[in-house]
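J.:
2 protein chains.
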Amino acid sequence: MAIDHLDGRIIVLLAREPRIGVLEMSRRLGVARGTVQARLDRLQSNGVIRGFGPEVDPAALGYPVTAFATLQIRQGQGADVRAHLATVPEVLELHTTTGTGDMLCRLVARSNADLQRVIDRVVGFDGIVRASTAIVMENPVPLRIIPLVEQAAEDRDRT
Amino acid sequence: MAIDHLDGRIIVLLAREPRIGVLEMSRRLGVARGTVQARLDRLQSNGVIRGFGPEVDPAALGYPVTAFATLQIRQGQGADVRAHLATVPEVLELHTTTGTGDMLCRLVARSNADLQRVIDRVVGFDGIVRASTAIVMENPVPLRIIPLVEQAAEDRDRT
DNA sequence: GTACCAGTGAGCACATTGCCCAGTCGGAGC
DNA sequence: GCTCCGACTGGGCAATGTGCTCACTGGTAC
Chain A
78 MAIDHLDGRI IVLLAREPRI GVLEMSRRLG VARGTVQARL DRLQSNGVIR
128 GFGPEVDPAA LGYPVTAFAT LQIRQGQGAD VRAHLATVPE VLELHTTTGT
178 GDMLCRLVAR SNADLQRVID RVVGFDGIVR ASTAIVMENP VPLRIIPLVE
228 QAAEDRDRT
Chain B
78 MAIDHLDGRI IVLLAREPRI GVLEMSRRLG VARGTVQARL DRLQSNGVIR
128 GFGPEVDPAA LGYPVTAFAT LQIRQGQGAD VRAHLATVPE VLELHTTTGT
178 GDMLCRLVAR SNADLQRVID RVVGFDGIVR ASTAIVMENP VPLRIIPLVE
228 QAAEDRDRT
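Those sequence lines, one after another, are chains A and B.
With the numbering used here, letter number 77 in the first sequence gets 154, and the count goes up by one each step, no holes.
With the numbering used here, letter number 17 in the second sequence gets 94, and the count goes up by one each step, no holes.
#1: How big is the Cα-Cα spacing for P224 (chain B) and E231 (chain B)?
#2: Taking Cβ positions only, does F202 (chain A) come closer than 8 Å to chain B?
#3: For the pair the stretch 154 to 174 of chain B and the stretch 127 to 140 of chain A, tell me if three or more CB-CB distances fall below 8 Å.
#4: Would a check of beta-carbon distances place D134 (chain A) closer than 8 Å to chain B?
#5: On the DSSP letters alone, give me the boundaries of the alpha helix (DSSP H) that L193 (chain B) sits inside.
#6: For P131 (chain A), which three-state DSSP category applies?
#7: Does chain B have any CB closer than 8 Å to the CB of R198 (chain A)?
#8: Distance, Cα to Cα, Q239 (chain A) vs N189 (chain B)?
#9: Does any residue of chain B have a CB that is nearer than 8 Å to the CB of E167 (chain A)?
#10: What does M214 (chain B) reach in chain A if we use C-beta pairs closer than 7 Å?
#11: Between V226 (chain B) and V165 (chain A), what straight-line distance do the alpha-carbon atoms span, to the nearest angstrom?
#12: Rounded to the nearest angstrom, what separates A92 (chain A) and D118 (chain B) at their Cα positions?
#13: Does the Cβ-Cβ distance between A186 (chain B) and V142 (chain B) come in under 8 Å?
#14: Tell me whether T112 (chain B) sits in a helix, a strand or coil according to DSSP, three-state version.
#15: Taking A79 (chain A) as the reference, give the member of A:G153, A:G124 and A:L162 with the closest Cα.
#16: Anyone know if the C-beta pair for L83 (chain A) and R116 (chain A) falls short of 8 Å?
#17: With a threshold of 7 Å, establish whether the CB of D118 (chain A) neighbours any heavy atom of the ligand FAD.
#18: Which residues in the same chain have their Cβ closer than 8 Å to the Cβ of V158 (chain A), if we skip the five residues on either side of it in sequence?
#19: Tell me, which residues are paired with L162 (chain A) by DSSP?
#20: Just how far apart, CA to CA, sit V76 (chain A) and A156 (chain A)?
#21: Using a Cβ-Cβ distance under 8 Å, would E227 (chain B) count as near chain A?
#22: Answer with buried or exposed for L220 (chain B), where buried requires no fewer than 16 other C-beta atoms within 10 angstroms of its C-beta.
#23: Using the C-alpha atoms, what's the distance from R110 (chain A) back to L192 (chain B)?
#24: Which of helix, strand or coil does DSSP assign to P224 (chain A)?
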């Protein structure tokens, strides 16, 4: 589970320049190609690296508005609500949480007006008691993993 | 900005099997290799596809706990808080929002106990007035874009 | 009709991949 | 101390994919 320093450098390098191949990585890191290949295989079968899917920008697709909705669910309706939300394309992500709400989901929409349509579709389902929505204005820190990977690699080193 | 049906199929195919190359894609889609190559170049320079970074699973790195924190910021301290949060590796994402809170951030931690340390570090900063945290229990819908891409492609078709 | 754009199918040199091997090194176990 | 084992190295191989170019076609706008 824990990654060592070399694993960390591989992931960071890959995150910064995804297009580079195994050979180029081995050159930059100063290790043999087979080593990088073996590490990568291990990281993937470990599940540390889930995949290399394309990162798509919803804004560029015509969905510039992002929002987070906190949902309160009627007791026992959780599974139905999950299934319902999974059918809405504008729901990019869904979590069940502790705290005030029962679920938190990330939404996108074509405009603020369109967001109303999306929310109606999301909450237009029996098991949802209440929803409160926060519209995203800015995204100062986009989803990132590099600092965490570096942290994890250093923790390992100290051990 | 808008993507057509072929663009949609390219992205979906790529999302499902990231390792396949341009040549294999052209075979599956029944179009010429040059076409796929040109489309991909356009999608990337458009910004629709931001990149192909590795998807790292924080849980596999030793951070199995995810939480969302809603922060209230003292007037005028926004920039400082942003800068502060950017230095915390466990902050994976940060948004400024409308609504009850002023910011929403995604955190990870090594354990529920460790989450306390992370939160202390996050809110241990002058500009933050209040924080309320929701711990993620389940993730029924992991971050996804395929349904949205298909939606966008169909909308385009209808036009 | 002409110009233009997107797609096609083909060809080319080149680099990279996936795979195999023999050899070295360091640590763990006996 | 000795041996075994796993990880890393450096090399070599055939096969494949890449980046690039070309001439040609079909549809569309002017």
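Cβ coordinates follow ideal geometry from the N, Cα and C atoms, glycine included.
Note that this is a predicted model, so its numbers are computed, not measured.
T.: According to the structure data:
#1: The residue given as residue 224 (chain B) occupies position 147 in the second sequence. The residue given as residue 231 (chain B) occupies position 154 in the second sequence. The alpha-carbon atoms of P224 (chain B) and E231 (chain B) are separated by roughly 11 Å.
#2: The residue you call residue 202 (chain A) lines up with position 125 of the first sequence. No, F202 (chain A) does not count as interfacial toward chain B.
#3: no
#4: For the purposes of this step, residue 134 (chain A) is identified with residue 57 of the first sequence, where counting begins at 1. Closer than 8 Å to some Cβ of chain B, the Cβ of D134 (chain A) qualifies, so yes.
#5: Position 116 of the second sequence holds residue 193 (chain B). According to the sequence as given, residue 193 (chain B) is Gln; it is not Leu. First-last of the alpha helix (DSSP H) with Q193 (chain B): N189 to V200.
#6: Looking up residue 131 (chain A) in the first sequence gives position 54. Three-state DSSP puts P131 (chain A) in coil, outside helix and strand.
#7: Taking the first sequence and counting its residues from 1, one reaches residue 198 (chain A) at position 121. Not an interface residue.
#8: Only positions 78 to 236 of chain A appear in the structure, and residue 239 (chain A) is not among them; the question remains open.
#9: Within the first sequence, residue 167 (chain A) is the residue found at index 90, counting from 1. Yes, E167 (chain A) lies at the interface with chain B (some Cβ there is under 8 Å from its Cβ).
#10: For the purposes of this step, residue 214 (chain B) is identified with residue 137 of the second sequence, where counting begins at 1. Neighbours of M214 (chain B) on chain A, chain order: T173, T174 and T175.
#11: In the second sequence, residue 226 (chain B) corresponds to position 149, counting from 1. In the first sequence, residue 165 (chain A) corresponds to position 88, counting from 1. C-alpha separation (whole angstroms): 12 Å.
#12: Counting from 1 along the first sequence, the entry for residue 92 (chain A) is found at position 15. Counting from 1 along the second sequence, the entry for residue 118 (chain B) is found at position 41. Their backbone Cα atoms lie some 19 Å apart in a straight line.
#13: Here residue 186 (chain B) is taken as the residue at index 109 of the second sequence, counted from 1. Here residue 142 (chain B) is taken as the residue at index 65 of the second sequence, counted from 1. Against a cut-off of 8 Å, the Cβ pair of V142 (chain B) and A186 (chain B) comes out as a contact.
#14: Working through the second sequence from its first residue, we reach residue 112 (chain B) at position 35. Three-state DSSP puts T112 (chain B) in a helix.
#15: Within the first sequence, residue 79 (chain A) is the residue found at index 2, counting from 1. With distances taken between Cα atoms, A79 (chain A) lies closest to A:G124.
#16: The count along the first sequence starts at 1 and reaches residue 83 (chain A) at position 6. The count along the first sequence starts at 1 and reaches residue 116 (chain A) at position 39. In this structure, R116 (chain A) lies closer than 8 Å to L83 (chain A) by Cβ.
#17: What this structure holds is no ligand at all, so the ligand FAD is not there to describe.
#18: Residue 158 (chain A) sits at position 81 when you count from the first residue of the first sequence. Excluding sequence neighbours, V158 (chain A) sits near L148, I150, M180, F202, G204 and I205.
#19: As a working mapping, residue 162 (chain A) is identified with position 85 in the first sequence. Note: L162 (chain A) sits in no beta bridge, so no partner.
#20: Absent from the structure is residue 76 (chain A), since the part of chain A shown begins at 78 and ends at 236.
#21: The residue given as residue 227 (chain B) occupies position 150 in the second sequence. So, interface residue.
#22: Here residue 220 (chain B) refers to the residue found at position 143 of the second sequence. Per the 10 Å Cβ criterion, exposed.
#23: In the second sequence, counting from the first residue as 1, residue 192 (chain B) sits at position 115. In the first sequence, counting from the first residue as 1, residue 110 (chain A) sits at position 33. Spanning the two alpha carbons is a distance of roughly 38 Å.
#24: Your numbering for residue 224 (chain A) matches position 147 in the first sequence. Here P224 (chain A) sits in helix by DSSP.
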